[in-house]
Amino acid sequence: MRRILEPGQIEAFAEGAIPRLRLPDRTRLFASRAQRLRQLGAPGAPGQAIGDYLRLMAAVAEAQQLALRTFDAPLPTATQLARSHTHGMPLIHAGGWPRERAWRDLPAQMCAAVAAAPDVPPSAREACERLRTLAPQQLEAQADALLAARADAVEVAAAPFLMAALQTYWVALASRLTPEQVAQLDVPGLCPMCGTLPVASIVRADERSQGYRYLHCALCATEWHLVRITCSQCQGTANIAYHSIEGAAEAVRAESCDECHTYRKILYQEKDPNVEPVADDLASLALDLLMSEAGYHRGSGNPLLWQAPEERRADSVSST
Ligand SMILES: [Zn+2]
Ligand SMILES: [Zn+2]
Numbered sequence: 377m378r379r380i381l382e383p384g385q386i387e388a389f390a391e392g393a394i395p396r397l398r399l400p401d402r403t404r405l406f407a408s409r410a411q412r413l414r415q416l417g418a419p420g421a422p423g424q425a426i427g428d429y430l431r432l433m434a435a436v437a438e439a440q441q442l443a444l445r446t447f448d449a450p451l452p453t454a455t456q457l458a459r460s461h462t463h464g465m466p467l468i469h470a471g472g473w474p475r476e477r478a479w480r481d482l483p484a485q486m487c488a489a490v491a492a493a494p495d496v497p498p499s500a501r502e503a504c505e506r507l508r509t510l511a512p513q514q515l516e517a518q519a520d521a522l523l524a525a526r527a528d529a530v531e532v533a534a535a536p537f538l539m540a541a542l543q544t545y546w547v548a549l550a551s552r553l554t555p556e557q558v559a560q561l562d563v564p565g566l567c568p569m570c571g572t573l574p575v576a577s578i579v580r581a582d583e584r585s586q587g588y589r590y591l592h593c594a595l596c597a598t599e600w601h602l603v604r605i606t607c608s609q610c611q612g613t614a615n616i617a618y619h620s621i622e623g624a625a626e627a628v629r630a631e632s633c634d635e636c637h638t639y640r641k642i643l644y645q646e647k648d649p650n651v652e653p654v655a656d657d658l659a660s661l662a663l664d665l666l667m668s669e670a671g672y673h674r675g676s677g678n679p680l681l682w683q684a685p686e687e688r689r690a691d692s693v694s695s696t
């Protein structure tokens, strides 16, 4: 098994001081996300301007939580585990993992939640209708495009609902595995569980991980440790800066790197114990606008908000 660690990290890991991975808790991951989305979209809250969208996504997250009560997928075999360790590859690699056919029921479950939610924009309803009528082959092709983040091949309006289905599938798997089964990757910026880019990072405040920073996977919600004041895109440490919007929540900042001109948001649980990477990232679009105006690129998108390649994030939200 490969281990590429900074000198200081080696000692820390040897002592078991820093949990390298935090795997998702299937009993509450999506319920917590739903709760946070509703909180952030409430009147007077930071996401008020896109409150309708946050509430719609909360309904979807609740459907994800409900689906996980009964849904399960076959876990990696001993051969697949061994291969991942031998090659230092993500264990359940999003790009090539064979999806069990049963996953195709999940988009319909997400869309049923959309149909039942109040005040859903017609465009979202129509996108769900189209998603429900896709032939299995088309559905698989859309899923492949989403997992590979091929924005040009993705149907933007339906993407959040399909992504929610895929998240449910990958969390069903990741939550049944153990940190010891997951190999260390050569690429610190990718999820060691599924190979997906992180949506944001979070400095944890619980006893187990007090003060440690983790990257949060946009797909399987696994969190992996990355030392603080390090670019999550290029791992540079020389030109890192932190940005926030005056008067906005202190728990959300943008961490920028002047070597690769990229940024990702970083959340501080000690400032707000309820921060949730997907929800807080989605609800802080104003910070994205600020960073874009300052000339920085987002490291990777939010899984619940897709846009045509030429569109700007804020525009796409205001038009829904
Ligand atoms: Zn992952
Ligand atoms: Zn960088």
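Under the working numbering, read the sequence shown as residues 377 to 696, first letter to last. For each residue, glycine too, the CB sits at the ideal point set by N, CA and C.
Neighbourhood of residue i by C-beta distance below 6 Å, restricted to the same chain and skipping five residues each side
i, result
"R604", "R589"
"G612", "C633 and E635"
"A559", "M377, S460, H461 and G464"
"W479", "Y545"
For residue i, the three-state DSSP class (helix, strand or coil)
i, result
"H619", "strand"
"L467", "coil"
"Y429", "helix"
"T554", "coil"
"W682", "coil"
"A625", "coil"
"R674", "strand"
"H461", "helix"
"T455", "helix"
"E631", "strand"
"L397", "strand"
"R640", "strand"
"L591", "strand"
"T446", "helix"
"Q586", "coil"
"Q609", "coil"
"A437", "helix"
Range of the contiguous alpha helix (DSSP H) that encloses residue i
i, result
"P483", "L482 to A492"
"W546", "A535 to A550"
"C504", "P498 to T509"
"R604", "Counting along the chain, R604 falls outside any alpha helix (DSSP H), and DSSP gives it neither H nor E."
"A512", "Looking at the sequence shown, residue 512 is not Ala but Pro. From DSSP, the alpha helix (DSSP H) with P512 extends over P512 to L523."
"S660", "No alpha helix (DSSP H) contains S660, which DSSP labels as neither H nor E."
"R412", "L405 to G417"
Other residues of its chain near residue i: CB distance less than 7 Å, five sequence neighbours each side excluded
i, result
"H592", "P574, V575, A576, S577, I578, E599 and P653"
"I621", "A662, L663 and L666"
"T544", "Q440, A443, L444, F447 and L482"
"S408", "E652"
"L399", "A550, S551, L553, P555 and T598"
"D495", "D428"
"G471", "L523, A524 and G571"
"G587", "V579"
"H469", "C570 and G571"
"R584", "P395"
"A421", "Q415"
"D648", "A625 and A627"
Within 7 Å, strictly: CB atoms of residue i and residue j
i, j, result
"L549", "A624", "no"
"T572", "A594", "yes"
"Q609", "G677", "no"
"A489", "L432", "no"
"L405", "R552", "no"
"I616", "R629", "no"
"P679", "M539", "yes"
"A434", "R402", "no"
"A437", "A410", "yes"
"M644", "A627", "Note that residue 644 is Tyr in the sequence shown here, rather than Met. Taking 7 Å as the Cβ cut-off, Y644 and A627 qualify as a contacting pair."
Alpha-carbon spacing of residue i relative to residue j, whole angstroms
i, j, result
"T723", "L515", "There is no way to answer for residue 723, as the model of the chain reaches only from 377 to 696."
"D634", "I394", "28 Å"
"A659", "L561", "31 Å"
"S695", "Y429", "Here the model assigns S695 a pLDDT of 39, short of 50, so the residue's position is not dependable and the matter cannot be decided."
"L397", "G423", "30 Å"
"Y672", "D528", "22 Å"
"L566", "L523", "13 Å"
"A582", "C487", "First, the amino acid is wrong: residue 582 is Asp here, not Ala. Spanning the two alpha carbons is a distance of roughly 35 Å."
"A521", "V563", "22 Å"
"L681", "F537", "10 Å"
"E646", "R475", "38 Å"
"A547", "M569", "The identity of residue 547 in the sequence shown is Val, whereas the question assumes Ala. Cα to Cα, V547 sits roughly 10 Å from M569."
"A350", "A484", "Here the chain has residues from 377 to 696 only, and residue 350 is not among them."
"L416", "R640", "19 Å"
"W473", "C596", "13 Å"
"T509", "R477", "16 Å"
"S668", "R526", "21 Å"
Contact set for residue i: own chain, Cβ-Cβ below 8 Å, skip 5 residues either direction
i, result
"L412", "Looking at the sequence itself, residue 412 is Arg, so the reference to Leu does not match. Excluding positions up to five away in sequence, the list reads N650, V651, E652, A655 and D656."
"A534", "A503, C504, R506, L507 and Q518"
"L457", "L467 and Q557"
"C607", "T613, I616, E631, C633, E635, C636 and T638"
"A491", "R501 and C504"
N-terminal and C-terminal residue of the beta strand (DSSP E) that residue i is part of
i, result
"V651", "Run containing V651: none; DSSP gives neither H nor E here."
"A576", "P574 to V579"
Proximity test, Cβ basis, 7 Å: residue i and chain C
i, result
"R445", "Given the protein chain composition of this structure (a single chain), no chain C is represented."
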